[in-house]
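Position 203 (the sequence shown) corresponds to 203 in full-length UniProt numbering; numbering is contiguous.
Beta carbons are placed, not taken as given, at the ideal position from N, Cα and C, and that holds for glycine.
Quick caveat, the model's predicted, so the values are computed rather than measured.
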Amino acid sequence: MIIKTPILKSKTLSNINNCNIWLKMESTQPSGSFKQRSIGNACSYYAEQGAKKFISSSGGNAGISVAYMGNSLNIPATIVVPKTTSQKAIDIMRQQGAEVIVHGEIWTEANELALQFVNSEAIYIHPFDDQYLWDGVAKIIDETIEDGIIPSAVVLSVGGGSLLSGISQGLSKNKLNIPIYAVETEGTASLNTAIKMGQHIKLDKVTGVATTLAAQQVCKNAFELTQLKEIKGITVTDEEAIDACFKFLDDHRTLVEPACGATLATLYNKKMDFSPSDNILVIVCGGASISLEQLLKYSSQ
Ligand SMILES: *Cc1c(COP(=O)(O)O)cnc(C)c1O
Numbered sequence: 001m002i003i004k005t006p007i008l009k010s011k012t013l014s015n016i017n018n019c020n021i022w023l024k025m026e027s028t029q030p031s032g033s034f035k036q037r038s039i040g041n042a043c044s045y046y047a048e049q050g051a052k053k054f055i056s057s058s059g060g061n062a063g064i065s066v067a068y069m070g071n072s073l074n075i076p077a078t079i080v081v082p083k084t085t086s087q088k089a090i091d092i093m094r095q096q097g098a099e100v101i102v103h104g105e106i107w108t109e110a111n112e113l114a115l116q117f118v119n120s121e122a123i124y125i126h127p128f129d130d131q132y133l134w135d136g137v138a139k140i141i142d143e144t145i146e147d148g149i150i151p152s153a154v155v156l157s158v159g160g161g162s163l164l165s166g167i168s169q170g171l172s173k174n175k176l177n178i179p180i181y182a183v184e185t186e187g188t189a190s191l192n193t194a195i196k197m198g199q200h201i202k203l204d205k206v207t208g209v210a211t212t213l214a215a216q217q218v219c220k221n222a223f224e225l226t227q228l229k230e231i232k233g234i235t236v237t238d239e240e241a242i243d244a245c246f247k248f249l250d251d252h253r254t255l256v257e258p259a260c261g262a263t264l265a266t267l268y269n270k271k272m273d274f275s276p277s278d279n280i281l282v283i284v285c286g287g288a289s290i291s292l293e294q295l296l297k298y299s300s301q
């Protein structure tokens, strides 16, 4: 259900950045994103604890992973999503046998209904704020080291902060004290704003194409990490994120969401300075709710 992902050296991105760029291809997970690591681990844990049902309110890759895990573990999954959720995401969840209820204009409304279904056997799977999610993500670093790559820095995207939390945990476990570049789009910069202000802020609104990164506030753990570790915030524009998706499709024949394109944009547009001997680990977080048609639509807007 959760695969060991390939790690590939990108010649194109290595040349642009004059160092070694390693792509950890979480896009190849069966559900199409790194959420298979986080949600996959949490669902497996709760199944062992006797969960009879999974409840989620994510209209994005977290919900898709919950649906996938429910199908694989033969545990029914109910996912309440807001009206803004793409038909593609709903179709994927239903394909996996999940019950999908469309309710509410925004996520908080969908989430309120989802919480009403929760009981001692019907377990709520949080999209980003749970230790079991982070434990699953941390394995990305174990695998990287097993494959003989000792990273000098990691580049990743931030939404609610589970990817950041899990990668940071994996680095600590392997005694690697290296910087993490935490990338958001300008319209979803909840972590970057928190870093600048030194406070665990909540944005009034989030905007733009990187819907998967659109958390108004990162989880407490992610904010605390910014106070303890070398976490460098970077933002890109929506345009840069989309442009990077197209370039990546051509260079690496893989279609990813703008949420992942944000991370790739920092490398295509050389926003950091690395040394020639550096091994930079890039988490290609992927994303299943994108189509070429949608990407073309974004780019024409
Ligand atoms: C969830 C997700 C993110 C953001 O992860 P967080 O743990 O919420 O910070 C980034 N990219 C993709 C493709 C995702 O599915």
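Cβ-based neighbour list, Lys196, same chain, cut-off 8 Å, excluding 5 preceding and 5 following: Gly233
Neighbourhood of Pro127 by C-beta, 7 Å cutoff - its chain only, sequence neighbours within 5 removed: Ser58, Ala62, Gly160
Counterpart residues of Ser78 in DSSP-defined beta bridges: Checking the sequence shown, residue 78 turns out to be Thr, not Ser. The partner list for Thr78 (beta bridge, DSSP) reads Ile55, Glu99.
Local conformation of Val183 per DSSP, three classes: strand
Leu255 versus Phe248 - alpha carbon distance: 7 Å
Close-in-space but distant-in-sequence residues of the same chain around Glu240 (CB under 7 Å, 5 per side omitted): Ala265, Asn269
Endpoints, beta strand (DSSP E) assigned at residue 305: Absent from the structure is residue 305, since the part of the chain shown begins at 1 and ends at 301.
Among Thr5, Tyr298, Asn20, Thr211, nearest to Pro276 - alpha-carbon criterion: Asn20
Cross-strand partners of Lys271 (DSSP beta bridge): Beta-bridge pairing links Lys271 to no other residue.
Collapsed DSSP secondary structure at Gly170 in the structure displayed: helix
CB of Ser65 within 9 Å of CB of Ser33, strictly: yes
Per-residue DSSP class, three states only, for Gly233: strand
8 Å contact criterion, which Lys83 and Glu105 should meet: CB distance rounded: 6 Å
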